[in-house]
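Residue numbers (our numbering): 17 to 336.
Heads up, the thing below is written out as structure tokens.
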Ligand code: TRP
Ligand code: CA
Ligand code: ZN
């Protein structure tokens with residue numbers, strides 16, 4: 017046992033050191049730095065865009081197998097929800113399906129909690145999972161749904177143990193007027209609303225002629241995304257196309273700080289925007305918005321990749 021005497025000698029030495037330091041200084045200089053230093057912030061992972069696109073391919077298949085859409089009250093919606101839920105369950109999330117009625121049809125929200133963290137400080141990320149009836153809704157909003165799903169799976173892969181509590185949500189019936197998200201916020205007690213430190217919304221993050229828009233509703237949340245894009249050297253603009261047009265609106269109305277990203281819908285990209293972001297001036301950010309051509313090919317992979325990485329960056333930054 018050659019190691020034991022060494023260990024005994026080391027232990028004795030550190031006891032002596034500690035004893036002499038008691039009177040000398042309040043900080044034990046001899047202690048290992050990691051024992052006394054503030055916990056290091058962990059860096060966010062790079063979200064593999066191929067995995068995000070694999071989720072989009074699944075959502076496309078689900079639409080194709082269910083009459084070409086994933087709309088509220090249609091079988092493609094529930095199949096989409098079952099797909100997302102099975103991934104989260106396998107990754108160790110605590111999932112719950114919350115039912116509501118709209119237009120005489122049953123709708124569902126899916127809420128996934130990552131066990132641990134301070135439940136008095138909840139960081140939430142959400143995306144609507146329903147499409148319009150006209151098409152499969154891959155950019156709107158398979159993109160946000162797949163990006164937050166892969167971020168949640170990255171949380172599990174990293175076995176991330178943040179100080180705050182993490183919650184992800186997939187909303188039903190957004191296309192009928194943010195019905196699912198409004199239903200969720202209305203169902204929360206005032207005390208539960210005050211426990212949500214921020215809600216981040218992702219509705220259309222892979223537009224084929226993309227812009228890089230950041231919600232400016234809350235300066236602290238806006239800054240996190242702006243910092244991420246500054247690091248990539250990509251200029252951003254304030255999201256103005258649809259203030260109040262997505263699931264962050266009910267949260268904002270309830271006094272919860274909101275943030276998010278958007279790559280553009282039916283507005284046309286200007287010449288100035290094409291100069292800084294590339295793509296085609298005079299053409300819509302998403303010419304297939306709410307149309308049957310919003311399929312798996314209606315995605316810009318680079319925008320989807322950057323926005324997915326930005327989501328992970330924000331989740332890691334805000335939860336630690
Ligand atoms: N919410 C809209 C939809 O799903 C899309 C949209 C238009 C949007 N403008 C927006 C989303 C601005 C977020 C921000 O059809
Ligand atoms: Ca990536
Ligand atoms: Zn949408």
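We treat Cβ as the ideally placed atom computed from N, Cα and C, and that holds for glycine.
Taking 7 Å as the cut-off, is the beta-carbon of residue 281 closer than that to any non-hydrogen atom of ligand 1?
For this step, residue 281 is matched to residue 265 along the chain shown. Residue 281 Cβ: within cutoff of ligand 1.
Using DSSP bridges, identify the partner residues of residue 276.
Within the chain shown, numbered from 1, the residue matching residue 276 stands at position 260. Beta-bridge pairing links residue 276 to 217.
With distances taken Cα to Cα, identify the nearest neighbour of residue 123 among 302, 90, 185, 224.
Counted from its first residue, the chain shown places residue 123 at position 107. Closest option to residue 123, Cα to Cα, is 90.
What did DSSP end up calling residue 123 once you bin it into helix, strand or coil?
Position 107 of the chain shown, counted from the start, is the residue given in the question as residue 123. Strand.
Buried or exposed: residue 222, going by 16 or more other Cβ atoms within 10 Å of its Cβ?
Sequence index remark: in the chain shown, residue 222 carries index 206 (1-based). Around the beta carbon of residue 222, 16 or more other beta carbons sit within 10 angstroms, so the residue counts as buried.
Whole alpha helix (DSSP H) elements within the stretch 162-239, 4-residue minimum:
Correct list: 195-203, 206-210.
Using the C-alpha atoms, what's the distance from residue 133 back to residue 178?
Within the chain shown, numbered from 1, the residue matching residue 178 stands at position 162. Within the chain shown, numbered from 1, the residue matching residue 133 stands at position 117. Rounded to the nearest angstrom, the gap between the Cα atoms of residue 178 and residue 133 is 6 Å.
Continuous beta strand (DSSP E) stretch holding residue 110: start and end
In the chain shown, residue 110 corresponds to position 94, counting from 1. Looking at the DSSP string, the run of the beta strand (DSSP E) that includes residue 110 is 110-118.
Integer-rounded CB distance, given that residue 196 should sit under 8 Å from residue 152
As a working mapping, residue 152 is identified with position 136 in the chain shown. As a working mapping, residue 196 is identified with position 180 in the chain shown. Incorrect: roughly 19 Å between the Cβ atoms, too far for contact.
Quick one, which of 215, 284, 283, 322 has its alpha-carbon nearest residue 141's?
Numbered from its first residue, the chain shown carries residue 141 at position 125. Nearest Cα to residue 141 within the set 215, 284, 283, 322: 215.
For residue 334 versus residue 201, is the C-beta distance shorter than 8 Å?
Within the chain shown, residue 334 is the residue found at index 318, counting from 1. Within the chain shown, residue 201 is the residue found at index 185, counting from 1. No.
7 Å CB neighbourhood of residue 74 in its chain, flanking five on each side removed:
Residue 74 sits at position 58 when you count from the first residue of the chain shown. Taken in chain order, the residues that qualify are 99.
Heavy atom of ligand 1 less than 7 Å from the Cβ of residue 198, yes or no?
Reading the chain shown from its first residue, position 182 is the one you call residue 198. In this structure, residue 198 has its CB at a distance of at least 7 Å from all heavy atoms of ligand 1.
Do residue 233 and residue 160 have their C-beta atoms within less than 8 Å of each other?
Translated into positions along the chain shown, residue 233 becomes position 217. Translated into positions along the chain shown, residue 160 becomes position 144. One thing to note: residue 233 has its Cβ no nearer than 8 Å to the Cβ of residue 160.
Helix, strand or coil: how does DSSP classify residue 149 here?
Numbered from 1 along the chain shown, position 133 holds the residue referred to as residue 149. Under the three-state reduction of DSSP output, residue 149 falls in the coil class, being neither helix nor strand.
What do you get for residue 40, buried or exposed, if any count of 16 or more other CB atoms within 10 angstroms of its CB means buried?
Translated into the one-based positions of the chain shown, residue 40 becomes position 24. Reliability fails at residue 40, whose pLDDT of 36 lies under 50, so the model's placement of it is uncertain and the value that follows must be treated cautiously. So residue 40 ends up on the exposed side.
I'd like the list of long-range same chain contacts for residue 94, defined as Cβ closer than 8 Å, with 5 residues on each side in sequence excluded.
As a working note, residue 94 is residue 78 in the chain shown. Cβ neighbours of residue 94 beyond the five flanking positions: 124.
Under 8 Å between C-beta atoms of residue 166 and residue 71:
On the chain shown, position 150 is the one that residue 166 refers to. On the chain shown, position 55 is the one that residue 71 refers to. Contact flag set, yes.
Cβ of residue 118 within 7 Å of any heavy atom in ligand 1?
On the chain shown, residue 118 is found 102 positions in, with the first residue counted as 1. No, Cβ of residue 118 sits at least 7 Å from all heavy atoms of ligand 1.
Say yes only if the C-beta of residue 190 is nearer than 7 Å to one or more non-hydrogen atoms of ligand 3, and no if none qualify.
Residue mapping note: residue 190 aligns to position 174 of the chain shown, counting from 1. Checking the 7 Å criterion, the Cβ of residue 190 is within range of a heavy atom belonging to ligand 3.
I need the straight-line Cα distance from residue 108 to residue 183, nearest angstrom please.
Position 92 of the chain shown holds residue 108. Position 167 of the chain shown holds residue 183. Spanning the two alpha carbons is a distance of roughly 13 Å.
Can you list, in chain order, the residues of its chain with a C-beta nearer than 6 Å to that of residue 101? Leave out the 5 residues immediately preceding and following it.
As a working mapping, residue 101 is identified with position 85 in the chain shown. Around residue 101: 111, 126.
Thinking residue 311 and residue 76 are a contact (beta carbons under 8 Å), I'd like their distance in whole angstroms, please.
If you number the chain shown from 1, residue 311 lands on position 295. If you number the chain shown from 1, residue 76 lands on position 60. About 6 Å separates the two Cβ atoms, so the contact holds.
Where residue 187 falls, given that 16 or more other Cβ within 10 Å makes a residue buried:
Your numbering for residue 187 matches position 171 in the chain shown. Under the 10 Å beta carbon count, residue 187 is surrounded by 16 or more other beta carbons and is classified as buried.
Which partner residues does residue 254 have in the DSSP bridge list?
Here residue 254 refers to the residue found at position 238 when the chain shown is read from its first residue. Residue 254 pairs with 230.
Just tell me which of 290, 226, 236, 210 has its CA closest to the CA of residue 136.
Locating residue 136 in the chain shown gives position 120, counting from the first residue. Closest by C-alpha distance to residue 136, out of 290, 226, 236, 210, is 210.
Looking at residue 336 and residue 57, is the spacing between their C-beta atoms short of 8 Å?
By one-based count along the chain shown, residue 57 stands at place 41. By one-based count along the chain shown, residue 336 stands at place 320. Closer than 8 Å, so yes.
Is residue 105 helix, strand or coil by DSSP?
Looking up residue 105 in the chain shown gives position 89. DSSP places residue 105 in helix when its eight states are reduced to three.
Hey, out of 116, 169, 306, whose CA is closest to residue 393's CA?
What the structure shows of the chain is the stretch from 17 to 336, and residue 393 is not part of that stretch, so it cannot be assessed.
For residue 80 and residue 207, I'd like the C-alpha separation in whole angstroms.
As a position in the chain shown, residue 80 is number 64, starting the count at 1. As a position in the chain shown, residue 207 is number 191, starting the count at 1. Straight-line measurement puts the Cα of residue 207 at about 42 Å from the Cα of residue 80.
Close Cβ partners of residue 88 (< 8 Å) along its chain, the five nearest in sequence each way excluded:
Your numbering for residue 88 matches position 72 in the chain shown. Within the same chain, and ignoring the five residues on either side of residue 88 in sequence, the residues whose Cβ sits closer than 8 Å to its Cβ are 118, 119, 121, 123, 146, 188, 189, 191, 192, 195.
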